[in-house]
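Chemist:
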Amino acid sequence: LPIDLLKYIYKFKNHEHISLITDAMRAAGTNLKETYLGKMGEGTECVIEDGVAKLKDRSAFAGSIATCDQLVKTMLKAGVDLNEAINMVTINPIKALGSKFKKGEIKVGNDADIVLFDENIDISLVIINGEIVYKK
Numbered sequence: 053l054p055i056d057l058l059k060y061i062y063k064f065k066n067h068e069h070i071s072l073i074t075d076a077m078r079a080a081g082t083n084l085k086e087t088y089l090g091k092m093g094e095g096t097e098c099v100i101e102d103g104v105a106k107l108k109d110r111s112a113f114a115g116s117i118a119t120c121d122q123l124v125k126t127m128l129k130a131g132v133d134l135n136e137a138i139n140m141v142t143i144n145p146i147k148a149l150g151s152k153f154k155k156g157e158i159k160v161g162n163d164a165d166i167v168l169f170d171e172n173i174d175i176s177l178v179i180i181n182g183e184i185v186y187k188k
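Right, here's the structure in full:
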């Protein structure tokens with residue numbers, strides 16, 4: 053979403069009621085220039101340009117390629133505090149879905165899912181269910 057729109061939403065909506073989510077397609081987090089919506093080789097052909105997935109004829113957007121770290125970086129550009137932006141991708145979506153999920157906070161009984169990042173919000177370590185699944 054455009055930075056100005058995010059600033060507007062943030063100004064009029066309490067940060068505790070903003071959730072950042074991604075329904076990114078398979079090209080997210082890659083350097084692909086072409087991909088498919090749907091089954092590889094059988095779905096709708098797409099191109100990736102300017103950080104956006106588009107139908108091959110460029111008549112419409114094809115889907116999101118934003119990753120959660122990119123969402124946080126975008127909110128920081130919109131002037132949101134880092135802690136609030138992190139809550140928008142962790143605690144806020146879990147609260148919106150209900151308390152049956154054991155995620156979003158580090159506490160006894162919750163899933164051991166942890167993402168560590170550096171000062172540039174670049175991911176350095178990902179732990180899922182207590183297992184390291186990514187290390188930079």
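Be aware that the sequence shown starts at 53, since it is given in the numbering used here, and climbs by one per residue.
For glycine and all other residues, C-beta sits at the position ideal for the given N, C-alpha and C.
(1) I need the straight-line Cα distance from Leu149 to Ala130, nearest angstrom please.
(2) Where do the N-terminal and C-terminal ends of the alpha helix (DSSP H) with Thr126 fall, by residue?
(3) Look at the alpha carbon of Gly115 and the alpha carbon of Met140, and state the distance between them as a whole number of angstroms.
(4) Sorted by chain position, which residues of the same chain lie with C-beta nearer than 7 angstroms to Phe113's C-beta, five sequence neighbours on each side aside?
(5) Ala164: buried (16+ other C-beta within 10 angstroms of its C-beta) or exposed?
(6) Buried or exposed for Val124, please, with buried defined as at least 16 other CB atoms from any protein chain shown within 10 angstroms of its CB.
(7) By DSSP, does Glu136 sit in helix, in strand, or in coil?
(8) Between Tyr62 and Ile73, is the Cβ-Cβ spacing less than 8 angstroms?
(9) With DSSP run on the structure shown, which of helix, strand or coil describes Leu57?
(10) Take the Cβ of Leu58 as the centre, count every other Cβ of all protein chains shown within 10 Å, and call the residue buried at 16 or more, exposed below.
(11) Rounded to a whole number of angstroms, what is the C-alpha to C-alpha distance between Lys187 and Val167?
(12) Inspect the beta-carbon positions of Ala118 and Ala80 and report whether they are closer than 8 angstroms.
(13) In whole angstroms, what is the alpha-carbon distance linking Asn162 and Lys154?
Modeler: Looking at the atomic coordinates:
(1) 25 angstroms
(2) 120-129
(3) 21 angstroms
(4) Closer than 7 angstroms at Cβ, skipping near neighbours: Val104, Ala105, Lys106.
(5) Ala164 counts as exposed, since fewer than 16 other C-beta atoms from the protein chains shown sit within 10 angstroms of its C-beta.
(6) Val124 comes out buried.
(7) helix
(8) No, Cβ-Cβ distance for Tyr62 and Ile73 is not below 8 angstroms.
(9) helix
(10) buried
(11) Spanning the two alpha carbons is a distance of roughly 10 angstroms.
(12) yes
(13) 4 angstroms
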